[in-house]
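Comments concern the structure below.
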Amino acid sequence: MIDVEVRELMQPFLLSDYQVQEVYSRFCNEIGKGLKRSTHAQANTKCFPTYVHELPTGNEMGKYLALDLGGTNFRVLLVTLKGHHDDTVQSQIYAVPKDLMIGPGVELFDHIAECLAKFVDKHEMRNAHLPLGFTFSFPCVQMGLKEAMLTRWTKGFDCPGVEGEDVGRMLHEAIQRRGDADIAVVAILNDTTGTLMSCAHRNPECRVGVIVGTGCNACYLEDVQNVELLEHQFRRGHQQVIVNIEWGAFGESGQLDFVRTEYDKEVDRKSINCSEQLFEKMTSGMYLGELVRLVLLRAIERNIIFKLSPKRKEYVETLQHKVHIYETKHISEVESDSFPEFLNTRRIIKQLFGLEKATVEDCQKFKYICECVSRRAATLVAIGISGLINRINDRKVVVGIDGSVYRYHPKFDAYIRETMHKLVKSDKQFDIMLSEDGSGRGAALVAAVASKTK
Ligand code: GLC
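Residue numbers (this note's numbering): 91 to 544.
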């Protein structure tokens, strides 16, 4: 049993049925605003049309290059699509050093072009003229499939000189500046679009793509008649288009204030994009560990956890000064633990505080804190997914999901389904599938579908 003090501490993280319903209807309302021309400017969820009108048929073939920028790493990939046979993917991961994440944009794109050139060289493809799909996982207004203007940086990136610019053009210019590779950018896409495409390739009932990783976002297939931002020439001949919600920004007009806690506010205050991406700050890997760190700090200060330890003052100092010391992957590890061993939890407590023998009660409390933070994140994600499923006309909807939080957390999927069962209309069926490399294979599929449509 978890004692009453910890329960009280975590109470603000437990969303009541009323709160869930209220967030749900505010979210649905916001999607409506994002899609309509007259209300788009005030909407937080921008619902950007992606210019991807077709899901894959499964017949897609050919070799494609893909770039994936938007999480902790940057990747270059060579994807060979083989129709109904398994694709092959060769890839290389490159770190994105902190100074590049906040340094001049031109330098970021030069770095990308350099990695790309090295990769092409290594695979002896200098003269191959391969089409390239660029997964650029930040909010962009698209003017076409290969023109995407960054509206704002998210997830800790803040490179001057890119917001308001076409990132397709910036990449093209960086490739030209080097002059040692002949590569054509044929599509720019969001990681959610890649996820939807790669899942739809395996399961034609897939209509929604979700990422719960460093950031959190979703896209879905909408009827073109509802996407007022899409110019007429891009509607003709098409019934549907993938819409990138950018739901991470939900809450920026105060819609989540009635559920945000003091810890959410502090995470926001200390971030480099204060008052932006508020839904993302309650749901994604970049912030969940920080939320736990702040709650833990409060729990120690109030003498709710580690009551018997003489070194509690030191623990407080550690947590106060070492921002990001508690990572989101630790939440997954703690929640994988079982009573009474708590092997991961004990190891992590030892790593953090040097405390050799945490008591079973302390481990239980620690785990409960993590559970409340991740369960709330999953509930919010499920609210968003349910809102999308209920908009879609099909009776059965499959949702493709990717991202480190969803992939590695032992119960995130179960938490999501629990809330979805409450919110998805009773005449609908849904299922969730894990995406396999949406940002890589998805980029190749968008490039393939784009060349076919042409
Ligand atoms: C952030 C980005 C969004 C992306 C998501 C997941 O929310 O703004 O474009 O899809 O992270 O990576």
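Using N, Cα and C, we set each Cβ at its ideal position, and we do this for glycine too.
Kindly confirm or deny that the region 169-176 and the region 231-251 touch, where touching means at least three C-beta pairs closer than 8 Å. Result no; under three Cβ-Cβ pairs closer than 8 Å.
Mark Asn293 as exposed unless 16 or more other C-beta atoms lie within 10 angstroms of its C-beta, in which case mark it buried. Burial state of Asn293 is exposed, judged by a 10 Å Cβ sphere holding fewer than 16 other Cβ atoms.
So Val536 and Val142 are supposed to be a Cβ contact under 8 Å. How far apart are they, rounded? The Cβ separation is near 6 Å, so the contact holds.
Those residues which DSSP pairs with Ile278 across a bridge: Note: Ile278 sits in a beta bridge opposite Phe224.
Quick one: does the C-beta of Lys245 sit closer than 8 Å to a heavy atom of the ligand GLC? At least one heavy atom of the ligand GLC is nearer than 8 Å to the Cβ of Lys245, so yes.
Is Met215 helix, strand or coil by DSSP? Secondary structure of Met215 (DSSP, three-state): coil.
Can you tell me whether DSSP reads Cys453 as helix, strand or coil? It is helical.
Could you tell me which uninterrupted alpha helix (DSSP H) segments, each at least 4 residues in length, are contained entirely in the region 147-174, listed from first to last along the chain? Fully enclosed alpha helix (DSSP H) runs of 4 or longer: not present.
Is Ile301 near the ligand GLC - that is, is its Cβ less than 8 Å away from at least one heavy atom of it? Flag set: Cβ of Ile301 near the ligand GLC.
List the endpoints of the continuous beta strand (DSSP E) containing Lys376. As written in the sequence, residue 376 is Met, which differs from the Lys given in the question. Run containing Met376: none in the beta strand (DSSP E); it sits in the alpha helix (DSSP H), 375-391.
Ile135 Cβ short of 8 Å to the ligand GLC heavy atom set: Looking at the sequence shown, residue 135 is not Ile but Thr. Checking every heavy atom of the ligand GLC against the Cβ of Thr135, none is found closer than 8 Å.
Assigned secondary structure, Ile183 (DSSP; H/G/I helix, E/B strand, else coil): Here Ile183 sits in strand by DSSP.
Is Ile394 close to chain B, meaning its C-beta is less than 9 Å from at least one C-beta of that chain? Looking for chain B here will not work: only one protein chain is present.
Met239 (DSSP reduced to helix, strand or coil): DSSP, reduced to helix, strand and coil, places Met239 within a strand of the structure shown.
Neighbourhood of Val186 by C-beta distance below 6 Å, restricted to the same chain and skipping five residues each side: Cβ neighbours of Val186 beyond the five flanking positions: Phe164.
In whole angstroms, what is the alpha-carbon distance linking Ser525 and Arg497? Going by the C-alpha atoms only, they are around 9 Å apart.
Could you pull the start and end residues of the beta strand (DSSP E) that Arg267 belongs to? Note, Arg267: premise wrong, no beta strand (DSSP E); alpha helix (DSSP H) at 257-268.
Which same chain residues end up closer than 7 Å to Ile301 when comparing Cβ atoms and leaving out the 5 residues on each side of it in sequence? Excluding five sequence positions before and after Ile301, the CB atoms of its chain that fall closer than 7 Å to its own CB belong to Asp281, Thr282, Thr285, Asn307, Asp492, Gly493, given in chain order.
How many angstroms separate the CA atom of Val196 from the CA atom of Tyr184? Taking the straight line from one Cα to the other gives about 18 Å.
Sufficient close CB pairs (3 or more, under 8 Å) joining the region 326-341 to the region 360-369: Segment contact: the region 326-341 against the region 360-369, three or more CB-CB distances shorter than 8 Å; contact assigned.
Applying the criterion that 16 or more other CB atoms from any shown protein chain within 10 Å of the CB defines a buried residue, is Glu299 buried or exposed? Before going further, note that residue 299 is Gly rather than Glu in the sequence given. When all chains shown are included, Gly299 counts as buried.
Member of Glu98, Asn217, Gly528, Cys364 whose CA lies at the smallest distance from the CA of Trp243: Nearest of Glu98, Asn217, Gly528, Cys364 to Trp243, Cα basis: Cys364.
Select from Gln410, Glu321, Glu407 the residue whose C-alpha is nearest the C-alpha of Lys126. For the residues Gln410, Glu321, Glu407, the minimum Cα distance to Lys126 belongs to Glu321.
Close Cβ partners of Val96 (< 8 Å) along its chain, the five nearest in sequence each way excluded: Non-local beta-carbon contacts of Val96 in its own chain, meaning distances under 8 Å to residues more than five positions away in sequence, involve Ala389, Ile394, Ile395, Lys455, Tyr458, Ile459 in chain order.
Please identify the residue among Cys118, His130, Gly375 whose C-alpha is closest to the C-alpha of Gly246. Among Cys118, His130, Gly375, the Cα nearest to that of Gly246 is on Gly375.
Output yes or no for whether 9 Å exceeds the beta carbon distance between Val357 and Ile421. No, Cβ-Cβ distance for Val357 and Ile421 is not below 9 Å.
Assuming Ile121 and Gly344 form a contact by the criterion Cβ under 8 Å, report the distance between their Cβ atoms to the nearest whole angstrom. The Cβ separation is near 17 Å, so there is no contact.
Option nearest Ala540 by Cα separation, candidates Lys486, Ile438, Thr140: That would be Thr140, whose Cα lies nearest to the Cα of Ala540.
Anticipated Cβ contact below 8 Å, Leu378 with Thr408, distance rounded: Not confirmed; about 19 Å, so no contact.
What ranges does the alpha helix (DSSP H) occupy inside the region 390-440, keeping only unbroken runs of at least 4 residues that lie completely in it? Taken in chain order, the complete alpha helix (DSSP H) segments of 4 or more residues contained in the region 390-440 are 402-411, 418-425.
Counting C-beta neighbours from all protein chains within 10 Å, is the total for Arg326 16 or more, i.e. buried, or is it exposed? Label assigned to Arg326: exposed.
Where Lys355 falls: helix, strand or coil (DSSP): Helix at Lys355.
Near Glu253, which residues of its chain fall below 8 Å by C-beta distance, leaving aside the five closest residues on each side in sequence? So the list reads Leu240, Thr241, Arg242, Trp243, once near-sequence residues are dropped.
Can Leu220 and Tyr154 be called in contact, C-beta distance under 9 Å? In contact: Leu220 and Tyr154 (Cβ atoms closer than 9 Å).
Helix, strand or coil for Cys462 per DSSP? Three-state DSSP puts Cys462 in a helix.
Classification of Pro250 by the beta-carbon crowding that lies within 10 angstroms, buried from 16 upward: Counting Cβ neighbours within 10 Å, Pro250 comes out exposed, since fewer than 16 surround it.
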